[in-house]
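So for the sequence shown, this note's numbering puts the first residue at 4; every next one is plus one.
Scroll down for the structure; my scribbles are underneath it.
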Amino acid sequence: VCDMRQDKRLFFSIAWVIIGAILIGLGFAGKVDSYWNGVGTGLFCIGILQILRFRRFNKNTAYREKVEIEINDERNHFIRGKAWAWSGYLFIIIAGLGTIGFKIMGQDMLSLAASYSVCLMLCLYWISYYVLRRKY
């Protein structure tokens with residue numbers, strides 16, 4: 004993993020901590036609702052965990068070697084690609100069933116949102132397909 008990529012990740016991790024702390028502070032001050040307070044808590048925790056992980060990566064050579072092997076291993080690339088494919092398939096099936104289920108329950112707005120999400124995913128699939136077909 005190159006140093007520039009690590010620096011970028013550290014920068015974003017610190018940014019998540021700062022943004023999270025600001026949102027938490029605004030939540031306690033009553034300036035934002037509990038949703039943004041929760042988002043802030045999530046960002047703060049993710050940022051702290053990423054910083055700790057970054058620190059471990061830099062200090063522990065055995066951990067660094069393990070991570071670099073996992074990142075560069077072809078089997079892991081294949082598994083990640085398959086996992087994304089399965090996620091996409093399952094999302095389309097669940098959203099499609101949700102479209103029908105919401106319509107039956109009389110939840111027209113939720114049915115519409117689910118059907119639009121299926122359409123969006125299919126459009127993204129075809130765009131990605133044509134871009135990747137030209138690339139490979």
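Note that the Cβ used here is the ideal one computed from N, Cα and C, for glycine as well.
{"Item": "Less than 8 Å between the C-beta atoms of I27 and G43, yes or no?", "Value": "yes"}
{"Item": "What residues in its chain sit with their C-beta under 8 Å from that of F57, if we drop five residues either side in the sequence?", "Value": "Q9, R12, L13, S16"}
{"Item": "When DSSP labels each residue in this structure, what does Q110 get in the three-state scheme?", "Value": "coil"}
{"Item": "Ignore the nearest five residues each way along the sequence and tell me which others in T102's own chain have a CB closer than 6 Å to its CB.", "Value": "S114, A117, S118"}
{"Item": "What separation, rounded to the nearest whole angstrom, lies between the Cα atoms of T64 and I72?", "Value": "12 Å"}
{"Item": "Quick check on Y139: does DSSP put it in helix, strand or coil?", "Value": "coil"}
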